[in-house]
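Visitor: In the UniProt record's numbering, the protein residues as written are 1 to 337. Think of the CB as a built atom: it goes at the ideal place given N, C-alpha and C, for glycine as much as any other residue. Because the structure is a prediction, the values reported are computed rather than measured. First the structure, then my questions, so here it is.
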Amino acid sequence: MSSVGGWDQAITRLATFELKPDIIAWHGMTGANAFWSTKTAALVWAVVLGFVWSAVVAVSPWQASRYLMAKNEHVTLRAALIAPTCVLLLYVVLHFSAAAINLIKPDIAPSEKAYIWAAFNVLPTWMGVIMLGGIMAAALSSCSTFLSLVGFSVSRDLIHESGDSEKVLRVSRITMAFVGLATLGITYFQPPAVMWIGYFAATLFAASWGPVAFASVWSKRITATGALWGIIGGFIAVALGETLKKYGGVDFPVYLRPPIIGAGFSVLCIIVGSALTQVSDAERQFREKLHIRPAGESSAVEVSRTMTLAKVIAGLGILTIIGVYYLYSVPYNAALQ
Numbered sequence: 001m002s003s004v005g006g007w008d009q010a011i012t013r014l015a016t017f018e019l020k021p022d023i024i025a026w027h028g029m030t031g032a033n034a035f036w037s038t039k040t041a042a043l044v045w046a047v048v049l050g051f052v053w054s055a056v057v058a059v060s061p062w063q064a065s066r067y068l069m070a071k072n073e074h075v076t077l078r079a080a081l082i083a084p085t086c087v088l089l090l091y092v093v094l095h096f097s098a099a100a101i102n103l104i105k106p107d108i109a110p111s112e113k114a115y116i117w118a119a120f121n122v123l124p125t126w127m128g129v130i131m132l133g134g135i136m137a138a139a140l141s142s143c144s145t146f147l148s149l150v151g152f153s154v155s156r157d158l159i160h161e162s163g164d165s166e167k168v169l170r171v172s173r174i175t176m177a178f179v180g181l182a183t184l185g186i187t188y189f190q191p192p193a194v195m196w197i198g199y200f201a202a203t204l205f206a207a208s209w210g211p212v213a214f215a216s217v218w219s220k221r222i223t224a225t226g227a228l229w230g231i232i233g234g235f236i237a238v239a240l241g242e243t244l245k246k247y248g249g250v251d252f253p254v255y256l257r258p259p260i261i262g263a264g265f266s267v268l269c270i271i272v273g274s275a276l277t278q279v280s281d282a283e284r285q286f287r288e289k290l291h292i293r294p295a296g297e298s299s300a301v302e303v304s305r306t307m308t309l310a311k312v313i314a315g316l317g318i319l320t321i322i323g324v325y326y327l328y329s330v331p332y333n334a335a336l337q
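So this is what it looks like as structure tokens:
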């Protein structure tokens, strides 16, 4: 931000940036050449994407596996409070600084490389090294988690090779090597595609796993058959919808995009599949066991720590709102007058 005159100057210039009008407006760029044609479409997309990623964080294996290392539920709750707060504060700075790169070089192509370009050409060397190192560390961490989950899922869940440990290890390694090479090929020929694959995978998990995961905990009627067909139905609906949108020229309305259709179809499959079967005693007992609160969860000390942190996070949220108002809303509206 200092390279373009400081925070206030950057906001003022971006507010009146003619090459990319409304780039820092609440709705972003809209119109014929923009990602969304109207403000309403941008708002609906943001809300849908918010629900999608909320479901992904709640049920995806690469997120849920992190919760297993927690000492108790209170640790999980505290982590769930701290992590989104850090992300929120990071996004406030990240999005505005990313937009400010346009004031230096508005024609970076592909746009996904804007921060990489800034690290090499704008930031001080030491800061660029730290930023790129952080990006690489995050990427390596995510990649290792994804690959291990893929290998485990294929060897344990799909082909059920649980007897021969050497064969399980071999299958896992082959699977991870195949997925790694496929990803490497995609990133080599079409680097930005990785981001969109991530979004596509997120919608698949949200639509197929989301309804099943929540129903498995809170519904007394869902059965294994209903859960299975809920996952399959949501997956097929999203995959088919995205394929038709990408290659079939089908233009879905913004309020009925493939993730929404997939989630609805998943719920329908759960209802139908569960209606045709009965909840077994084992399924009923397992669900009831999930709702038994461990004795340690009611500890006054643990509850006090969690509530104290919740109040601190709420205070940070209020301060963030005030900060965004004075650092963004005030200079932005002043520039438009």
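Roughly how many angstroms lie between the CA atoms of residue 380 and T38, to the nearest whole one?
Guide: The requested residue 380 does not occur in the structure, where the chain is confined to residues 1 to 337.
Visitor: Can you give, in chain order, each stretch of the alpha helix (DSSP H) that sits fully within the segment 208-253 and has at least 4 residues?
Guide: 210-218 and 224-247
Visitor: So, under 8 Å CB-CB, A215 and A15 are touching, yes? Tell me the CB distance rounded to an integer number of Å.
Guide: For the purposes of this step, residue 215 is taken as the residue at position 215 of the sequence shown. For the purposes of this step, residue 15 is taken as the residue at position 15 of the sequence shown. That belief does not hold up - the Cβ atoms of A215 and A15 are roughly 46 Å apart, past 8 Å.
Visitor: Between G50, A109 and W117, which lies nearest to P84 when the distance is taken from Cα to Cα?
Guide: Counting from one through the sequence shown, the residue named residue 84 turns up at place 84. Of G50, A109 and W117, the residue nearest in Cα terms is G50.
Visitor: Quick check: what's the CA-CA separation for M136 versus E288?
Guide: The residue given as residue 136 occupies position 136 in the sequence shown. The residue given as residue 288 occupies position 288 in the sequence shown. About 43 Å.
Visitor: Are the Cβ atoms of W62 and T145 separated by less than 7 Å?
Guide: Residue 62 sits at position 62 when you count from the first residue of the sequence shown. Residue 145 sits at position 145 when you count from the first residue of the sequence shown. Cβ atoms of W62 and T145: closer than 7 Å.
Visitor: Count the C-beta pairs between the segment 250-267 and the segment 296-304 that are closer than 8 Å, then say yes if the count reaches three, no if not.
Guide: no
Visitor: From G264 to W26, what does the alpha carbon distance come to, in whole angstroms?
Guide: Here the question's residue 264 lines up with position 264 in the sequence shown. Here the question's residue 26 lines up with position 26 in the sequence shown. Each residue's alpha carbon lies about 29 Å from the other.
Visitor: What alpha helix (DSSP H) runs, 4 residues minimum, are completely inside the segment 115-153?
Guide: 125-152
Visitor: Looking at the structure shown, is W26 part of a helix, part of a strand, or coil, going by DSSP?
Guide: In the sequence shown, residue 26 corresponds to position 26, counting from 1. Correct three-state label for W26: coil.
Visitor: Measuring alpha carbon to alpha carbon, tell me which residue in I271, K220, A202 and I222 is nearest F235.
Guide: What you label residue 235 is simply residue 235 of the sequence shown in a count that begins at 1. Comparing Cα-Cα distances from F235 to each of I271, K220, A202 and I222, the minimum goes to A202.
Visitor: Hey, could you find the ends of the alpha helix (DSSP H) A300 is sitting in?
Guide: In the sequence shown, the residue the question calls residue 300 occupies position 300. Taken as a continuous stretch (DSSP letters only), the alpha helix (DSSP H) holding A300 covers A300 to V324.
Visitor: Taking the C-alpha atoms as reference points, what is the distance between V324 and V92?
Guide: As a position in the sequence shown, residue 324 is number 324, starting the count at 1. As a position in the sequence shown, residue 92 is number 92, starting the count at 1. So the alpha carbons of these two residues sit roughly 8 Å apart.
Visitor: Pull the bridge partners of W36 from the DSSP assignment, please.
Guide: In the sequence shown, residue 36 corresponds to position 36, counting from 1. W36 is bridged to T30.
Visitor: Between W53, T30, L276 and W218, which lies nearest to L43 when the distance is taken from Cα to Cα?
Guide: On the sequence shown, position 43 is the one that residue 43 refers to. Nearest of W53, T30, L276 and W218 to L43, Cα basis: T30.
Visitor: Run through DSSP, which three-state label would N72 get?
Guide: Position 72 of the sequence shown, counting from 1, holds the residue named residue 72. In the structure shown, N72 sits in coil (DSSP, three-state: anything other than H, G, I, E or B).
Visitor: Indicate whether S172 and S266 have their beta-carbon atoms separated by less than 7 Å.
Guide: Looking up residue 172 in the sequence shown gives position 172. Looking up residue 266 in the sequence shown gives position 266. Result no, Cβ atoms of S172 and S266 do not sit closer than 7 Å.
Visitor: Let me know if Y326 comes out buried or exposed under the rule of 16 or more other beta-carbons within 10 Å of its beta-carbon.
Guide: Translated into the one-based positions of the sequence shown, residue 326 becomes position 326. When all chains shown are included, Y326 counts as exposed.
Visitor: Suppose contacts are defined by Cβ-Cβ distances below 7 Å. Is A100 in contact with V4 by that definition?
Guide: Along the sequence shown, one-based indexing puts residue 100 at 100. Along the sequence shown, one-based indexing puts residue 4 at 4. In this structure, V4 lies closer than 7 Å to A100 by Cβ.
Visitor: Run the CB neighbour count on C86, radius 10 Å, all protein chains shown included, and call it buried at 16 or more, exposed below.
Guide: Position 86 of the sequence shown, counted from the start, is the residue given in the question as residue 86. So C86 ends up on the exposed side.
Visitor: Judging by CA-CA distance, which residue of T320, L77 and G233 is the nearest neighbour of G262?
Guide: The residue you call residue 262 lines up with position 262 of the sequence shown. Checking every option, the nearest Cα to that of G262 belongs to G233.
Visitor: Excluding the five sequence neighbours on either side, which residues of its own chain have a C-beta within less than 8 Å of the C-beta of A41, listed in chain order?
Guide: In the sequence shown, residue 41 corresponds to position 41, counting from 1. Around A41: T30 and V254.
Visitor: I believe V179 touches T223 by the beta-carbon criterion, under 8 Å. Please report the beta-carbon distance rounded to the nearest angstrom.
Guide: Looking up residue 179 in the sequence shown gives position 179. Looking up residue 223 in the sequence shown gives position 223. Their Cβ separation, rounded to whole angstroms, is 32 Å, which puts V179 and T223 out of contact at 8 Å.
Visitor: Beta-carbon separation of residue 346 and Y332 under 7 Å?
Guide: In this structure the chain extends from 1 to 337, so residue 346 is not present and cannot be described.
Visitor: What is the DSSP secondary structure of V267, counted as helix, strand or coil?
Guide: One-based indexing of the sequence shown puts residue 267 at position 267. Reduced to three states, the DSSP call for V267 is helix.
Visitor: Spatial neighbours of L77 within its chain, please: CB distance less than 6 Å, with the 5 preceding and 5 following residues excluded, ordered by chain position.
Guide: The sequence position of residue 77 within the sequence shown is 77, counting from 1. Here the set comprises T306.
Visitor: Would you mind giving the Cβ-Cβ distance between L89 and T320, rounded to the nearest angstrom? I have them listed as a contact below 8 Å.
Guide: Translated into positions along the sequence shown, residue 89 becomes position 89. Translated into positions along the sequence shown, residue 320 becomes position 320. About 7 Å separates the two Cβ atoms, so the contact holds.
Visitor: Could you give the first and the last residue of the continuous alpha helix (DSSP H) run that contains P61?
Guide: Taking the sequence shown and counting its residues from 1, one reaches residue 61 at position 61. Residues P61 to Y67.
Visitor: Can you find the residues in the same chain that come closer than 6 Å, C-beta to C-beta, to V250, ignoring five residues on each side of it along the sequence?
Guide: The sequence position of residue 250 within the sequence shown is 250, counting from 1. For V250, same chain residues with a beta-carbon under 6 Å away, outside a window of 5 residues either side, are L244 in chain order.
Visitor: Please report how far the alpha carbon of W229 lies from the alpha carbon of K113, in whole angstroms.
Guide: In the sequence shown, the residue the question calls residue 229 occupies position 229. In the sequence shown, the residue the question calls residue 113 occupies position 113. Roughly 40 Å between the two C-alpha positions.
Visitor: Do the CB positions of M131 and G151 come within less than 7 Å of each other?
Guide: One-based indexing of the sequence shown puts residue 131 at position 131. One-based indexing of the sequence shown puts residue 151 at position 151. Result no, Cβ atoms of M131 and G151 do not sit closer than 7 Å.
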